[in-house]
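Undergrad: Mapping the sequence shown onto this note's numbering, position 335 (from 1) lands on 341, and the numbers just tick up by one. I'd like to ask some things about the structure below.
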Amino acid sequence: MEINQLTIHQTHDLLKNRQISSTELTRAYLERIRQVEPDVHALVTITDELALKQAERADELLAAGDASLLTGIPMVIKDNMCTQGITTTCSSRMLENFVPPYNATVVEKLYDCGVVVVGKANMDEFAMGSSTENSALFTTSNPWDLSRVPGGSSGGSAASVSAGECVYSLGSDTGGSIRQPAGFCSVTGLKPTYGRVSRYGLVAFASSLDQIGPITRDVTDCALVLNAIAGHDRRDSTSVPQPVPDYTQCLNGDLTGMKIGIPKEYFVEGMQGEVAKATRNAIDQIEKLGASIDWEVSLPHTRYALAAYYIIAPSEASANLARYDGVKYGFSYQDTTSMWEAMEKTRQYGFGPEVKRRIMLGTYALSAGYYDAWYLKAQKVRTIIRREFDEAFEKYDALVTPTSPTVPFKIGEKVDDPFQMYLSDVCTLPINIAGLPAISIPAGFANGLPIGMQIIAKPFAEETILKTAHAFQQVTEWHKRKPDI
Ligand code: GLN
Numbered sequence: 007m008e009i010n011q012l013t014i015h016q017t018h019d020l021l022k023n024r025q026i027s028s029t030e031l032t033r034a035y036l037e038r039i040r041q042v043e044p045d046v047h048a049l050v051t052i053t054d055e056l057a058l059k060q061a062e063r064a065d066e067l068l069a070a071g072d073a074s075l076l077t078g079i080p081m082v083i084k085d086n087m088c089t090q091g092i093t094t095t096c097s098s099r100m101l102e103n104f105v106p107p108y109n110a111t112v113v114e115k116l117y118d119c120g121v122v123v124v125g126k127a128n129m130d131e132f133a134m135g136s137s138t139e140n141s142a143l144f145t146t147s148n149p150w151d152l153s154r155v156p157g158g159s160s161g162g163s164a165a166s167v168s169a170g171e172c173v174y175s176l177g178s179d180t181g182g183s184i185r186q187p188a189g190f191c192s193v194t195g196l197k198p199t200y201g202r203v204s205r206y207g208l209v210a211f212a213s214s215l216d217q218i219g220p221i222t223r224d225v226t227d228c229a230l231v232l233n234a235i236a237g238h239d240r241r242d243s244t245s246v247p248q249p250v251p252d253y254t255q256c257l258n259g260d261l262t263g264m265k266i267g268i269p270k271e272y273f274v275e276g277m278q279g280e281v282a283k284a285t286r287n288a289i290d291q292i293e294k295l296g297a298s299i300d301w302e303v304s305l306p307h308t309r310y311a312l313a314a315y316y317i318i319a320p321s322e323a324s325a326n327l328a329r330y331d332g333v334k335y336g337f338s339y340q341d342t343t344s345m346w347e348a349m350e351k352t353r354q355y356g357f358g359p360e361v362k363r364r365i366m367l368g369t370y371a372l373s374a375g376y377y378d379a380w381y382l383k384a385q386k387v388r389t390i391i392r393r394e395f396d397e398a399f400e401k402y403d404a405l406v407t408p409t410s411p412t413v414p415f416k417i418g419e420k421v422d423d424p425f426q427m428y429l430s431d432v433c434t435l436p437i438n439i440a441g442l443p444a445i446s447i448p449a450g451f452a453n454g455l456p457i458g459m460q461i462i463a464k465p466f467a468e469e470t471i472l473k474t475a476h477a478f479q480q481v482t483e484w485h486k487r488k489p490d491i
C-alpha cells in the first residue's frame with residue numbers, strides 16, 4: 007500500500023522500526039499535497055517549514071526512544087483552532103490575516119506528542135455550513151468525485167485525510183461538522199462528549215454545542231488521537247474533570263450482550279434509498295458480531311431538533327461574533343471618519359452571507375419580546391430531547407443511524423437553498439443538542455459515492471462507540487477503500 011494511505015498505527019511501526027524517518031515521511035506527504043491540492047483544495051495554509059522542523063525534532067525523539075504513538079506523524083488542523091504564529095482564518099475575510107499569539111489546548115497537547123503539522127484545513131466560514139461552499143476563500147472538492155462537496159464544515163479536514171494529504175486531522179463539530187464530512191469522504195470521524203476535549207483556542211461558533219474531535223483512517227486511530235487530546239483544562243470551564251481512559255483498551259472485537267437501538271425517526275423522509283439500505287446492511291453486520299438489535303426504537307422529539315438547533319446555534323453565534331468589530335483583531339475597515347460606520351463596514355465586508363444570516367437569526371431570537379417565544383422555547387425543546395436520549399440509554403448501550411440522508415451532493419446544488427443545506431445535518435445535530443458522543447464510519451457506497459453510519463452513546467461512553475465501530479471495521483472493508491486520485 008502507498009505510504010500516504012497508512013493509518014497512524016501502521017505509520018508508527020515504520021517509524022519505530024527505523025524503516026522510514028519522520029523527515030522522509032513528511033517530505034512524502036508534502037509531495038502528495040503538491041500533487042493533489044490543485045484538485046482537492048483542502049488546505050488554506052501549507053505549513054511546510056514548520057512541518058520539516060517538527061519532523062527533525064520528531065526524529066530526535068524517535069532516536070532517543072522518547073516517542074509517543076503520534077510522534078513524527080503528519081497531520082492537519084481545521085483552520086478554526088488557534089496555532090501560534092500561523093494564520094487561523096476560519097475561512098473568513100474577517101480573520102484572513104489573523105495570526106494567533108497562542109495555541110489552542112488541543113494543538114498544545116499534540117505538539118507535546120511530537121506531531122508534524124503539514125497544514126490548516128479549509129472549512130465553511132466560522133464552521134457554518136455543510137459543504138465548505140461557505141468558505142470565503144475557496145470550495146473544497148470531494149476526493150471521491152471532484153464535482154461534489156466533501157461535506158462541512160470540516161470539509162478540508164475530511165478531504166485531506168481521504169486524499170492522502172495527512173494521516174489524520176482535527177475537526178470541530180457543532181451540529182455534525184466532523185461526522186457529516188467524514189461520512190461524505192469515507193473516513194472515520196468522532197465527535198466526543200461535550201466537555202471531553204478542551205475548546206480553549208477553538209474559535210467559538212455556538213459554545214454550548216462546539217466540540218473538537220479526530221478524523222482518521224480507522225477507529226484505532228480515532229482512539230489514539232482521543233487519548234492525546236481528551237481531558238480537563240482549567241482554561242475551558244466546560245471541560246469536565248473526569249479521568250481519561252486508554253481508549254485503545256476497549257477495542258477487542260466482542261459485541262456479545264450489547265444492546266443496540268435503531269431509532270426509526272432517523273430514517274427521515276427524503277432519505278436516499280441507497281443510504282437507508284447500506285445502513286441497514288451494516289446494522290445486520292453488527293448483529294452478526296453478537297449485539298442484539300431493536301429495530302423499533304422511537305425518539306419522537308427528534309423532529310424538533312433541527313428547529314431548536316437553528317434557534318440555539320445562531321443565538322450563540324450572534325453573541326460570539328459580536329467581538330469582530332474591527333477594533334480588537336481581524337479585518338478592520340479604515341476608510342471612514344465615524345466609529346459606527348467603521349464597525350458597520352467592517353462587519354459588512356468581513357462576514358459572508360451565511361454568517362450574516364445566522365447573526366440576524368440569532369439577534370432576532372434573543373431580542374426583547376421574542377426571547378421567550380424563540381430562544382427559551384428552543385431551550386425547553388433541548389431539555390426534552392436530552393431526556394428522551396437519557397431514557398433510551400437506560401435500555402440500549404448504543405443507537406445506530408445513517409450519518410446523513412444523502413451521498414455527497416454536487417457543488418452548487420444546494421448553495422442557494424439554505425434550508426436544503428440545513429437538512430444535511432438532520433441526523434447529526436440532535437446529538438449536539440444532547441451533548442452526546444457519536445462517530446461516523448464508512449458503511450458502504452452508492453454509485454462510487456461514500457455512505458456513513460453513525461453510532462451514538464450516552465455521555466462519556468466513547469468506549470462503547472469505539473468498541474462497536476472497531477468490531478465493525480474488523481469484519482468490513484469499506485474503510486479500506488481509497489479514492490482514485
Ligand atoms: N451544518 C451545521 C451548521 O451549519 C453544523 C455545522 C457544524 O457542526 N459546525 O450549523
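For every residue, glycine included, the Cβ atom is placed at its ideal position computed from N, Cα and C. Computed from a predicted structure; not experimentally measured.
According to DSSP, is Tyr381 part of a helix, a strand, or is it coil?
TA: Within the sequence shown, numbered from 1, the residue matching residue 381 stands at position 375. Helix, per DSSP.
Undergrad: Are the CB atoms of Ile83 and Ser175 within a distance shorter than 9 Å?
TA: Position 169 of the sequence shown, counting from 1, holds the residue named residue 175. Position 77 of the sequence shown, counting from 1, holds the residue named residue 83. Yes; because the gap between Cβ atoms is below 9 Å, this pair is in contact.
Undergrad: Per DSSP, Thr89 forms a beta bridge with which residues?
TA: Taking the sequence shown and counting its residues from 1, one reaches residue 89 at position 83. BP columns for Thr89 point to Ile92.
Undergrad: Work out the CA separation of Ile318 and Leu49 for me, nearest whole Å.
TA: One-based indexing of the sequence shown puts residue 49 at position 43. One-based indexing of the sequence shown puts residue 318 at position 312. Answer to the nearest angstrom: the Cα atoms are 30 Å apart.
Undergrad: Can you grab the Cα-Cα spacing for the pair Val421 / Asn23, in whole Å?
TA: Counting from one through the sequence shown, the residue named residue 421 turns up at place 415. Counting from one through the sequence shown, the residue named residue 23 turns up at place 17. Straight-line Cα distance between these residues: approximately 48 Å.
Undergrad: Using the beta carbon as the reference atom, which residues fall closer than 6 Å to any heavy atom of ligand 1, ordered along the chain?
TA: Qualifying residues come out as Ala133, Met134, Gly135, Ser136, Ser159, Asp179, Thr180, Gly181, Gly182, Ser183, Phe211, Ala319, Asp431.
Undergrad: With burial defined as no fewer than 16 other Cβ atoms inside 10 Å of the residue's Cβ, what is the status of Tyr355: buried or exposed?
TA: Residue 355 sits at position 349 when you count from the first residue of the sequence shown. Answer is exposed; the Cβ neighbour count stays below 16.
Undergrad: Give a yes or no on whether the C-beta atoms belonging to Arg202 and Thr111 are separated by under 9 Å.
TA: Here residue 202 refers to the residue found at position 196 of the sequence shown. Here residue 111 refers to the residue found at position 105 of the sequence shown. For Arg202 and Thr111, no; Cβs fall outside 9 Å.
Undergrad: Using three-state DSSP, classify Tyr272 as helix, strand or coil.
TA: Locating residue 272 in the sequence shown gives position 266, where the first residue counts as 1. In this structure, Tyr272 counts as helix in the three-state DSSP scheme.
Undergrad: Using a Cβ-Cβ cut-off of 8 Å (strictly less than) and excluding sequence neighbours within five positions of Ile417, which residues of its own chain qualify?
TA: By 1-based counting over the sequence shown, the position of residue 417 is 411. Hits under 8 Å: Ser137, Glu139, Thr145, Ser147, Ser153, Arg154, Val155.
Undergrad: Since Thr470 contacts Ala404 with CB under 8 Å, what's their CB separation in whole angstroms?
TA: If you number the sequence shown from 1, residue 470 lands on position 464. If you number the sequence shown from 1, residue 404 lands on position 398. Yes, Thr470 and Ala404 are in contact; Cβ-Cβ is about 6 Å, under 8 Å.
Undergrad: I need the DSSP call for Leu405, collapsed to helix, strand or coil.
TA: Counting from one through the sequence shown, the residue named residue 405 turns up at place 399. Strand.
Undergrad: Whose C-beta lies closer than 6 Å to the C-beta of Ser298 among residues of the same chain, with five residues either side of it excluded?
TA: Looking up residue 298 in the sequence shown gives position 292. So the list reads Lys265, once near-sequence residues are dropped.
Undergrad: In three-state DSSP terms, what is Phe190?
TA: As a working mapping, residue 190 is identified with position 184 in the sequence shown. Helix, per DSSP.
Undergrad: Let me check one thing: in DSSP terms, what residues is Ser213 bridge-paired to?
TA: What you label residue 213 is simply residue 207 of the sequence shown in a count that begins at 1. Bridge partners of Ser213: none, in fact.
Undergrad: Of all Cβ atoms in chain B, is any one closer than 9 Å to the Cβ of Val387?
TA: Included in the structure is just one protein chain, with no chain B present.
Undergrad: Give the single residue among Glu419, Ala133, Ser27, Ile457 whose Cα lies nearest to the Cα of Pro411.
TA: Taking the sequence shown and counting its residues from 1, one reaches residue 411 at position 405. The residue with the shortest Cα to Cα distance from Pro411 is Ile457.
Undergrad: Can you tell me whether Met87 is buried or exposed? The criterion is at least 16 other CB atoms within 10 Å of its CB, across all chains shown.
TA: Taking the sequence shown and counting its residues from 1, the one referred to as residue 87 is at position 81. Per the 10 Å Cβ criterion, buried.
Undergrad: Looking only at its own chain, which residues have a Cβ that is under 7 Å from the Cβ of Ala467, when we skip the five neighbours before and after it?
TA: Here residue 467 is taken as the residue at index 461 of the sequence shown, counted from 1. Taken in chain order, the residues that qualify are Pro443.
Undergrad: Determine the contact status of Trp484 and Pro436, defining contact as a CB-CB distance below 9 Å.
TA: Translated into the one-based positions of the sequence shown, residue 484 becomes position 478. Translated into the one-based positions of the sequence shown, residue 436 becomes position 430. Not a contact, by the Cβ cut-off of 9 Å.
Undergrad: Following the continuous alpha helix (DSSP H) through Pro3, name the residue where it begins and the one where it ends.
TA: What is shown of the chain runs 7 to 491, which leaves residue 3 out entirely.
Undergrad: Can we say the region 379-390 touches the region 327-346, given the rule of at least three CB pairs closer than 8 Å?
TA: Too few Cβ pairs lie closer than 8 Å, so no.
Undergrad: Examine the Cβ distances between the region 394-409 and the region 228-242 and report whether three or more of them are shorter than 8 Å.
TA: No: the two stretches stay apart, fewer than three of their Cβ pairs being nearer than 8 Å.
Undergrad: Contact defined as beta carbons within less than 8 Å: I believe Ala142 pairs with Ala284. What is the distance between those atoms, to the nearest angstrom?
TA: Residue mapping note: residue 142 aligns to position 136 of the sequence shown, counting from 1. Residue mapping note: residue 284 aligns to position 278 of the sequence shown, counting from 1. 34 Å between Cβ atoms; not a contact.
Undergrad: With a 10 Å radius around its C-beta and 16 neighbouring C-beta atoms as the bar for buried, classify Trp346 as buried or exposed.
TA: Reading the sequence shown from its first residue, position 340 is the one you call residue 346. Exposed, since its Cβ has fewer than 16 Cβ neighbours within 10 Å.
Undergrad: Does Val333 pass the burial test, meaning 16 or more other C-beta atoms within 10 Å, or should it be called exposed?
TA: As a first step, residue 333 must be located in the sequence shown, where it is residue number 327. Exposed, because fewer than 16 other Cβ atoms sit within 10 Å of the Cβ of Val333.
Undergrad: Flag this pair as yes or no: are the beta carbons of Phe205 and Ser192 separated by less than 9 Å?
TA: Indexing the sequence shown from 1 puts residue 205 at position 199. Indexing the sequence shown from 1 puts residue 192 at position 186. Strictly speaking, residue 205 in this sequence is Arg, with Phe absent from that position. Not closer than 9 Å, so no.
Undergrad: Does Pro106 pass the burial test, meaning 16 or more other C-beta atoms within 10 Å, or should it be called exposed?
TA: Residue numbering aside, residue 106 sits at position 100 when the sequence shown is read from its first letter. Buried is the call here.
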